[in-house]
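In the working numbering, the protein residues as written are 1 to 429.
Just so you know, even glycine gets a beta-carbon here, dropped at the ideal spot from N, CA and C.
Computed from a predicted structure; not experimentally measured.
As structure tokens, the structure follows; a few thoughts come after it.
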């Protein structure tokens, strides 16, 4: 964001290099990715995501030098490894880690949805590589613990709850953040990882350069936009760590905030969209409407891709700190200088452009479709409202919010339009 009076880029701001590297490296790496006929799509997806994480992590360390900025709570003292108190706290933390794994296992084993074939990529990955995953988690927890100034975090408090049979630490704020963060990762990571694997499989059978028409190029770019977004999303949920100052600082704590978010995802959205917010007319969308008008077809499709690009940029800008329902750092430049919620705005615009609910078999069907999509827009309005309330715990976000309300791109457009509207009566009188 360009410097303007009234707002100073805070120390907690996410490095701008994160978004630049994410939005450029994902398409390039995917294009250069070698053929691996002996490796499954699932494992190739993991290797691709790990490669991207490596690039983002290296950029954070060597370009943005994020480890020198405040906010990690880490201090590198070798003597901590021999400190009796650190060692005792680490043992308690291991109990908390075991309890965390137990809670996730209980959640996955008791929910019928996770026994469906659709989730097979995620759970087969856990079954095949559980030893390696456990080793990485233990190594990370160890490195973080013995580098923390104050090692008694939420994981430690959970271990203490288990060891004291619930007599201590149950009211610790850190425990609540840890458990809610565990729930966020446990719900979103399997869902997003499986989406990513299926998008990878789709893209492996197609190439943008083989497209012979705008329609084919559109279908590829539309799917690739979500692949790019999901790559960042999976990395964000899987790699939250203090070592890169990407830890969860706090979470949405209200039931309404959680509900208005998770109903937008499977399996809840399938139920709601089919029965209450079904704005899509079967077999009819923008492509059918404009197929006989090639110029308009290209212009309309390009507009959809433009807003999808903005949507992708919002995730790329967050990088390794992407997550729903949490605060993990502040992004305050493009595209977050357009408005506070460029992701939600661009996403909702694309739904109107794709489904064209205002074009229907009859007038009242069109009214019903538009009303249903307006209901979806309303859900995202309340998501944005809850998100702002959660993030406003950070003084830097409150300053950013005030600045964008006054100087954001959409705010300036509104002022320009309203100014012309006020001047028009004077000109015509």
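Mapping DSSP to helix, strand and coil, what is residue 326? The three-state secondary structure of residue 326, taken from DSSP, is strand.
What residues in its chain sit with their C-beta under 8 Å from that of residue 250, if we drop five residues either side in the sequence? The residues 177, 326, 327, 390, 393, in chain order, have a CB closer than 8 Å to that of residue 250 in the same chain once the five nearest residues on each side in sequence are set aside.
CB contact flag (residue 225, residue 331, <9 Å): The Cβ atoms of residue 225 and residue 331 lie no closer than 9 Å to each other.
With distance defined between alpha-carbon atoms, name the residue in 230, 383, 411, 280 nearest to residue 27. Residue 230 holds the alpha-carbon nearest to the alpha-carbon of residue 27 among 230, 383, 411, 280.
Alpha carbon to alpha carbon, how far is residue 172 from residue 25? In a straight line, the C-alpha of residue 172 is about 41 Å away from that of residue 25.
Looking at residue 386: is its Cβ nearer than 9 Å to the Cβ of residue 254? In this structure, residue 254 lies closer than 9 Å to residue 386 by Cβ.
If you reduce the DSSP assignment to three classes, tell me which class residue 17 lands in. Under the three-state reduction of DSSP output, residue 17 falls in the helix class.
Find the nearest neighbour of residue 341 within the set 8, 302, 110, 400, judged by alpha-carbon distance. It is 400.
Mind checking which residues open and close the alpha helix (DSSP H) that includes residue 135? Counted as a single uninterrupted DSSP element, the alpha helix (DSSP H) harbouring residue 135 occupies residues 120-145.
C-alpha gap between residue 410 and residue 416, whole angstroms: So the alpha carbons of these two residues sit roughly 10 Å apart.
Three CB pairs or more closer than 8 Å across the stretch 181-196 and the stretch 275-295: Between the stretch 181-196 and the stretch 275-295 there are fewer than three C-beta pairs closer than 8 Å, too few to call the two in contact.
In the DSSP assignment, find the unbroken alpha helix (DSSP H) run with residue 454 in it and report its ends. Because the chain here runs from 1 to 429, residue 454 falls outside it and cannot be looked at.
Is residue 212 helix, strand or coil by DSSP? DSSP places residue 212 in coil when its eight states are reduced to three.
So what does residue 251 bridge to, in DSSP terms? Under DSSP, the beta-bridge partners assigned to residue 251 are 326.
For residue 248, count neighbouring C-beta atoms within 10 Å of its own C-beta (all shown protein chains included) and say buried if the count is 16 or more, exposed if not. Residue 248 is classed as buried because its beta carbon has at least 16 other beta carbons within 10 Å across all chains shown.
Boundaries of the alpha helix (DSSP H) in which residue 239 is found, first to last residue: First-last for residue 239: undefined, no H or E at that position.
Inter-residue Cα distance where the pair is residue 90 and residue 125: Going by the C-alpha atoms only, they are around 28 Å apart.
Local Cβ density within 10 Å of residue 397, reported as buried at 16 or more and exposed below that: That one is buried.
Use the C-beta contact count for residue 432: other C-beta atoms within 10 angstroms, 16 or more gives buried, fewer gives exposed. Here the chain has residues from 1 to 429 only, and residue 432 is not among them.
Check the DSSP bridge columns for residue 148 and list the partner residues they point to. 74, per the DSSP bridge assignment.
Is the beta carbon of residue 21 less than 9 Å from the beta carbon of residue 55? For residue 21 and residue 55, yes; Cβs fall inside 9 Å.
Can you look up residue 428 in the DSSP assignment and give me helix, strand or coil? Because the pLDDT of residue 428 is 45, which lies under 50, any placement of that residue in the model is unreliable, and the question is left without a value.
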